[in-house]
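S.K.:
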Amino acid sequence: PECADLRALAKHLYDSYLKSFSLTKAKARAILTGKTGEKAPFVIYDMNSLMTGQQFVSYKQNSVPGQGQEQNKEVEIQLFQRCQFRSVEAVREITEFAKSIPGFIGLDLNDQVTLLKYGVHEVIFSTLASLMNKDGVLISDGQGFMTREFLKSLRKPFCELMEPKFEFSVKFNSLELDDSDLAVFIAVIILSGDRPGLVNVKPIEDLQDNMLQALELQLKMNHPDAPHLFAKLLQKMTDLRQIVTEHVQLLQLLKKTELEMNIHPLLQEIMKDLY
Amino acid sequence: KEKHKILHRLLQNSSSPVDL
């Protein structure tokens, strides 16, 4: 009966993951391997293809007021602003997912905020890996593909922004998790009882213990040939914290040195006093 | 609470658009 409860929990998390996130790993992998039957994504590999691509690839955030003034800014700044808007959208999606985790909305409201503040970037970089291969990353809901070399060719410090995420994604993708595994994994990340400033740790740890059991069983059932997958995946949580720390340091540097650039208020809120 | 007002709002409202 306990196993049945854990399976039901994993199923519930997978369902809300499908409802909360716009582009799943299954869809992204189909696009990346050309198996969708739809047209292939537009490849952005240099400044020319970036300019051409802008006509084909629609950006949701173009409808956001205040974006008009961005058009006169340097390419690096414009690209970064689009990344930011996608991140803000991702925070909204992750919040919706978090609220669907059984027990989450019963936690102290300030603790919910703290869990999201510390968890969202770790979740963003785990799910971003689904959109990446060693050569590039899908953008704009899979309509475009931006190459890793192009991102590396941007001027400093923008060229340093994505490379650590590619390095992580290559290792993370070798674990071959699918969306149903990722759903439980990101619930485990969100419910981390060791985030700084939590008021009431015990109920968070209790919820996470249950999620960890659900994750262990999920991996056993879904990957019977990979006996150490659970342990390997838990190790990735340490790598994620390192990536987030470096990411936040880079954003703080950008905020100081790139005076043309506005950091979105939601991202400022999340980054402030983070690490 | 003031420090994280957008996060609070996201948690308390369902799918509210994030304004700038």
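If you read the protein sequences in the order shown, they are chains A and B.
Basically my numbering = 1-based index in the first sequence + 24.
Basically my numbering = 1-based index in the second sequence + 46.
Note that beta-carbon positions come from the ideal geometry of N, C-alpha and C, so glycine has one too.
Spatial neighbours of A:A52 within its chain, please: C-beta separation below 7 Å, excluding the five flanking residues on both sides.
M.R.: Same-chain partners within the cutoff: S154, L155, L162 and G166.
S.K.: Quick check on B:H50: buried or exposed, where buried means 16 or more other Cβ atoms within 10 Å of its Cβ?
M.R.: By the neighbour-count rule (16 or more Cβ atoms within 10 Å), B:H50 is buried.
S.K.: By Cβ distance, which residues of its chain are closer than 8 Å to A:L283, with the 5 residues on each side in sequence left out?
M.R.: Hits under 8 Å: none found.
S.K.: Using 10 angstroms around the beta-carbon of A:G304, count the other beta-carbons present and answer buried if the total reaches 16, otherwise exposed.
M.R.: This structure does not reach residue 304 of chain A, given that chain A is present from 25 up to 299, and the question cannot be answered.
S.K.: Using a Cβ-Cβ cut-off of 8 Å (strictly less than) and excluding sequence neighbours within five positions of A:E100, which residues of its own chain qualify?
M.R.: Excluding sequence neighbours, A:E100 sits near L178, R179 and F182.
S.K.: Hey, quick one: how far does the alpha helix (DSSP H) through A:F182 stretch, first residue to last?
M.R.: Element bounds for A:F182: n/a, residue is neither H nor E.
S.K.: Which residues bound the beta strand (DSSP E) around A:I163?
M.R.: Residues G160 to I163.
S.K.: Please list, in chain order, the chain B residues whose beta carbon lies closer than 8 Å to that of A:A272.
M.R.: Position check: residue 272 of chain A holds Val in this sequence, whereas Ala was assumed. The contacting residues do not exist; A:V272 stays about 16 Å from chain B at best.
S.K.: Looking at A:Y38: is its Cβ nearer than 7 Å to the Cβ of A:A211?
M.R.: Not closer than 7 Å, so no.
S.K.: With a cut-off of 7 Å, does the C-beta of A:T119 fall near any C-beta of chain B?
M.R.: For A:T119, the answer is yes, since a Cβ of chain B falls inside 7 Å of its Cβ.
S.K.: The beta strand (DSSP E) spanning A:M285 covers which residue range?
M.R.: Segment: none, A:M285 is in no beta strand (DSSP E) and carries neither H nor E.
S.K.: If distances are taken between C-alpha atoms only, which option among A:F45, A:E270, A:P227 and A:N72 comes closest to A:D132?
M.R.: Closest option to A:D132, Cα to Cα, is A:P227.
S.K.: Can you tell me whether DSSP reads A:N224 as helix, strand or coil?
M.R.: Residue state, collapsed to three classes: coil.
S.K.: If you follow the beta strand (DSSP E) that A:G168 is in, where does it begin and where does it stop?
M.R.: That run of the beta strand (DSSP E) goes G168 to T171.
S.K.: Helix, strand or coil, according to DSSP, for A:I214 in the structure here?
M.R.: In the structure shown, A:I214 sits in a helix (DSSP, three-state: H, G or I).
S.K.: Take every Cβ of the region 188-204 of chain A, pair it with every Cβ of the region 264-278 of chain A, and state whether three or more of those distances are shorter than 8 Å.
M.R.: Yes: the two stretches touch, three or more of their Cβ pairs being nearer than 8 Å.
S.K.: Can you tell me whether A:D135 is buried or exposed? The criterion is at least 16 other CB atoms within 10 Å of its CB, across all chains shown.
M.R.: A:D135 should be labelled buried.
S.K.: On the three-pair Cβ rule with 8 Å, is the region 230-237 of chain A touching the region 46-64 of chain A?
M.R.: No: the two stretches stay apart, fewer than three of their Cβ pairs being nearer than 8 Å.
S.K.: Going by beta carbon distance, what residues of the same chain come within less than 7 Å of A:V272, once the five residues before and after it are set aside?
M.R.: So the qualifying residues of the chain are M295, L298 and Y299.
S.K.: Classify A:H252 as buried or exposed, calling it buried when 16 or more other Cβ atoms lie within 10 Å of its own Cβ.
M.R.: By the 10 Å Cβ count, A:H252 comes out exposed.
S.K.: Buried or exposed: which applies to A:M186, given that a residue is buried once 16 or more other Cβ atoms fall within 10 Å of its Cβ?
M.R.: Result: buried.
S.K.: Could you name the residues of the same chain whose beta carbon sits closer than 6 Å to that of A:D144, not counting the 5 residues immediately before and after it, in chain order?
M.R.: Correcting the residue identity first, residue 144 of chain A is Val in this sequence and not Asp. V115 and I118.
S.K.: Report the CB separation of A:V268 from A:E113 in whole angstroms; it is logged as a contact under 8 Å.
M.R.: The pair is not a contact, with the Cβ atoms about 18 Å apart (cut-off 8 Å).
S.K.: Could you name the residues of chain B that A:E293 contacts, counting a contact when the two beta carbons are closer than 8 Å?
M.R.: In chain order: K49, H50, K51, I52 and L53.
S.K.: Verify whether the separation of the beta carbon atoms of A:G11 and A:F149 is less than 7 Å.
M.R.: Because chain A in this structure spans residues 25 to 299, residue 11 of chain A falls outside the shown range and cannot be described.
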